[in-house]
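First to last, the protein sequences are chains A and B. If you're matching positions, the first sequence starts at 1 in this note's numbering and goes up one per residue. If you're matching positions, the second sequence starts at 1 in this note's numbering and goes up one per residue. Everything on this sheet refers to the single structure shown next.
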Amino acid sequence: MKRIAACLFILLLLVSSADAEGARKLPMDLTGGAPYKVKYKSDLEVYEDPTIRVERHRVPSKEFGCTYYYALITVADASQLRTLPADNKNFLSNTRVPVIKMAKRVNAVLAINGDFTAAFSGNKSNTFVLRQGELYRDTVEPGLDLLLIDEDGDFHIIPREEDLEALDKTTVDGKRVVNAFQFGPALIKDGVPADDESLLDQTHSPTYAGPHQLNQRMIIAQVGPLQYLTVCCAHYGATLPTMRDIVLEIAPDCRNAYTLDGGDSTQMVFLGTKINNVNEDGGADRKVTDIIYFASANFEE
Amino acid sequence: MENNMTAYSWMMAGGVAGCAALAYAGARKRPGASAGKAAALTALEILLGFVFAALCAAAALLLIRFRNVEAVGFEKFFSGLTLEDVPFFGAVAGFTLGVYLAGKCMKLPGTDTLNRFAAAGAFLIAAARFAEGFLGLFGTGELPEDTVLPFPLAVAIDFSGDGSYVEYYLAVFMFEGIAALAAMVFALRKNAEPDTFLRTLFIICLTQVFFESLRTTSIAWLFVKVEQLACFLYVEAVLLRYGLKGKGQKNRFLPAIAGLVVCGLIVAEEFALDKTNLPHWLIYTCMAAELALLGYLEHKAHLRMVAAAGEKSGA
Chain A
1 MKRIAACLFI LLLLVSSADA EGARKLPMDL TGGAPYKVKY KSDLEVYEDP TIRVERHRVP
61 SKEFGCTYYY ALITVADASQ LRTLPADNKN FLSNTRVPVI KMAKRVNAVL AINGDFTAAF
121 SGNKSNTFVL RQGELYRDTV EPGLDLLLID EDGDFHIIPR EEDLEALDKT TVDGKRVVNA
181 FQFGPALIKD GVPADDESLL DQTHSPTYAG PHQLNQRMII AQVGPLQYLT VCCAHYGATL
241 PTMRDIVLEI APDCRNAYTL DGGDSTQMVF LGTKINNVNE DGGADRKVTD IIYFASANFE
301 E
Chain B
1 MENNMTAYSW MMAGGVAGCA ALAYAGARKR PGASAGKAAA LTALEILLGF VFAALCAAAA
61 LLLIRFRNVE AVGFEKFFSG LTLEDVPFFG AVAGFTLGVY LAGKCMKLPG TDTLNRFAAA
121 GAFLIAAARF AEGFLGLFGT GELPEDTVLP FPLAVAIDFS GDGSYVEYYL AVFMFEGIAA
181 LAAMVFALRK NAEPDTFLRT LFIICLTQVF FESLRTTSIA WLFVKVEQLA CFLYVEAVLL
241 RYGLKGKGQK NRFLPAIAGL VVCGLIVAEE FALDKTNLPH WLIYTCMAAE LALLGYLEHK
301 AHLRMVAAAG EKSGA
């Protein structure tokens, strides 16, 4: 029995070292990922290399009354889930550029808008900002849920009911927090979907988010270890409960799902091309302050 | 894409030196002004100008980011600021106050001191704007994807560090600098006539309403660009002043009313830039035409006011 276990352990080590060939952990800074190896095509639905797999879909849904876009992402290492500010320097900068520009700078296989860190208005003025391992603003908006992503790429949602100010937000379960977001609300926390009443309560959303209105919305979710889901709806929008139901439709076992900035900020970029609202009257690409992106770590030529 | 602070500092130092030279020349033109007195006034103008510019910029930022200051604390908030956090309108208002007070300290009429300083102030603004070219994306504007334009229309910003990935951005800082230089030429030509300072700043603010819209980096409250709003308030105040001072004149409030209409149109245009697919060149053409109209109306109102003043003194 012991021999079998030892053989299995060695086999596991070999497999993991083979996986890592040509791949490396991306640094905890504002640099980008490895260049992706294919060019965008409108019919290209999957990008895959030894370190990342991104599968994207567009679903016109009668059930939810909207068209939604989603991407399922699997990465080899947590460092491939990354964030970037618009000026490449500071997450509290007043600079704003469209998601597509930032995505191209860092070779993002898939990029989405973040939580609009530098929106100094309403209850977004003092949100907690920790990105790529660096603490930019150590204040919190008490009414908004927090999303913490640890060094292993696991999501932890800290509900607004907790004492967010007193809480240590730089480590969670003994692990270092590398990215934190404060927009919300959380649609699903630890596998439990939020109820309609809670989601529709305006005080749980940033000012102007209008949870009951048909707005474009961007959701990020963790569906497994190093497996993620990003979902957004088309320009005619959806309410927050509808977005929760869409997430559950795509990933019924989703553990944590969190609302990011929406409206015209909603942008999903795949291989350097915006893929939401294509051929629909969705307005111009809004300039935003930050993005979340998934990059390849495959630097092999 | 690091900031070149050495080049920025040299450019600003050159700006201050040029500003001092122009201020001295302006002060020397005052009847009976000795070289020593003109030099003392210039030094005081620059000193108080910078002190009050810093104070007023800080006060303006305090108003804009009050909730942050409240949460973070005064000391921590101000120690974490960068150059891009400095509200330009606050600094200009403070510098103006400093120059006014310098005149008063030297027992000179404040408005006359300002009129003689107008060209120097415009030069300093021009230098500050040109210097933004050393601060990465700070003084630039968005260009449509894959648009390549040469300097001075645009700048190439290298995000890769080795030239393998560059993005082109509109060199808004150059346009702002050139507009400030044009205002300086205007001020020099007016030779410290009454209202020279007021009108020089009017030119700078009127053009800044347009340029602020182009900038990628701008202090914003939600979707309102604070600098744009402040500049427009100044423009409207100047136009309203013509109405208030032109008692008995026909259509004396027309420029001020036109200002309000243009304000509404610019709000709609900013909304269109953010929310619609209308071509940006079309929106910006309309915006430029509306602001040019306000410039024309201000000029006409000024001529009317001068003519009325001439008639009054003739009578």
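Every residue gets a Cβ at the ideal spot worked out from N, C-alpha and C, and that includes glycine. Only a predicted model underlies this, so the values are computations on that prediction, with no experimental measurement involved.
Item, Value
"Going by DSSP in three states, Glu48/A sits in which element: helix, strand or coil?", "strand"
"Have a look at Tyr40/A, Ala86/A, Asn107/A, Leu81/A and flag the residue whose alpha-carbon is nearest the alpha-carbon of Phe299/A.", "Asn107/A"
"Mind pulling the chain A residues with CB within less than 8 Å of Lys37/B?", "Chain A residues near Lys37/B: none, gap ~42 Å exceeds 8 Å."
"Taking C-beta pairs closer than 9 Å, name the residues in chain A that Asn68/B reaches, listed in chain order.", "Phe120, Ser125, Asn126, Arg137, Thr139"
"Secondary structure at Arg189/B, three-state DSSP: helix, strand or coil?", "helix"
"If you draw a straight line from the C-alpha of Leu244/B to the C-alpha of Lys300/B, how long is it?", "15 Å"
"Identify, in the order they occur along the chain, each residue of the same chain with its Cβ nearer than 6 Å to the Cβ of Thr230/A, setting aside the five sequence neighbours on each side.", "Ala71, Ile112, Ile220"
"In chain A, which residues lie less than 7 Å from Gly320/B when you measure between Cβ atoms?", "In the structure as shown, chain B starts at 1 and stops at 315, and residue 320/B therefore has no counterpart that could be examined."
"Can you pull the chain B neighbours of Leu215/A, defined as C-beta to C-beta under 9 Å?", "Strictly speaking, residue 215/A in this sequence is Asn, with Leu absent from that position. Per Cβ cutoff of 9 Å: no residues; Asn215/A is ~13 Å from chain B at best."
"Taking Cβ positions only, does Ser213/B come closer than 7 Å to chain D?", "Absent from the structure is chain D; the protein chains it does hold are A and B."
"Would you decide whether Thr203/A is buried or exposed? Buried here means 16 or more other CB atoms lie within 10 Å of its CB.", "exposed"
"Mapping DSSP to helix, strand and coil, what is Phe155/A?", "strand"
"Following the continuous alpha helix (DSSP H) through Tyr242/B, name the residue where it begins and the one where it ends.", "226-245"
"How far does the beta strand (DSSP E) with Glu134/A in it extend, from its first residue to its last?", "134-137"
"Out of curiosity, what's the CA-to-CA distance linking Val172/A and Leu147/A?", "11 Å"
"Is it buried or exposed for Asn277/B, if we count other Cβ within 10 angstroms and need 16 for buried?", "exposed"
"Using 10 angstroms around the beta-carbon of Ala166/A, count the other beta-carbons present and answer buried if the total reaches 16, otherwise exposed.", "exposed"
"Within 7 Å of any Cβ in chain A, is that where the Cβ of Thr217/B sits?", "yes"
"So, at 6 Å on beta carbons, what are the nonlocal neighbours of Glu236/B in its own chain, with the 5 sequence-adjacent residues on each side left out?", "Gly259"
"Taking 7 Å as the CB-CB limit, is Leu222/B close to chain A?", "yes"
"Please report whether the beta-carbon of Val72/B lies at a distance below 7 Å from any beta-carbon of chain A.", "yes"
"Given His212/A, which residues of its chain have a CB within under 6 Å of its CB, disregarding the five upstream and five downstream residues?", "Leu200, Thr239"
"For Asn55/A, which residues of its own chain have a beta-carbon under 6 Å away from its beta-carbon, when the five flanking residues on both sides are left out?", "For the record, residue 55/A in the displayed sequence is Glu; it is not Asn. Same-chain partners within the cutoff: Val46, Leu72."
"When you compare the CB positions of Asn123/A and Pro206/A, do they come within less than 7 Å of one another, or not?", "yes"
"Does DSSP classify Lys104/B as helix, strand or coil?", "helix"
"Ala220/B by DSSP, collapsed to three states: which one?", "strand"
"Which of the three DSSP states, helix, strand or coil, is assigned to Ile28/A?", "This sequence places Met at residue 28/A; Ile is not what is there. Three-state DSSP puts Met28/A in coil, outside helix and strand."
"Pull up the distance between the alpha-carbon of Asp158/B and that of Tyr165/B, whole angstroms please.", "6 Å"
"Taking the alpha-carbon positions, what's the His302/B to Leu198/B distance?", "11 Å"
"Contact criterion: CB-CB distance below 7 Å. Does Arg129/B meet it with respect to chain A?", "no"
"Which residues does DSSP pair with Thr285/B in a beta bridge?", "According to DSSP, Thr285/B bridges with nothing at all."
"Please report whether the beta-carbon of Glu176/B lies at a distance below 7 Å from any beta-carbon of chain A.", "no"
"If you count every other CB in all the chains shown that lies within 10 Å of the CB of Val38/A, and 16 or more means buried, which is it?", "exposed"
"Please name the residue in Ala297/A, Gly262/A, Asp285/A, Met268/A whose C-alpha comes closest to that of Asp115/A.", "Gly262/A"
"With 7 Å set as the bound, which would you pick, yes or no: does the beta-carbon of Arg304/B sit closer than that to a beta-carbon of chain A?", "no"
"Which first and last residues belong to the beta strand (DSSP E) in which Gln208/B is found?", "Run containing Gln208/B: none in the beta strand (DSSP E); it sits in the alpha helix (DSSP H), 196-214."
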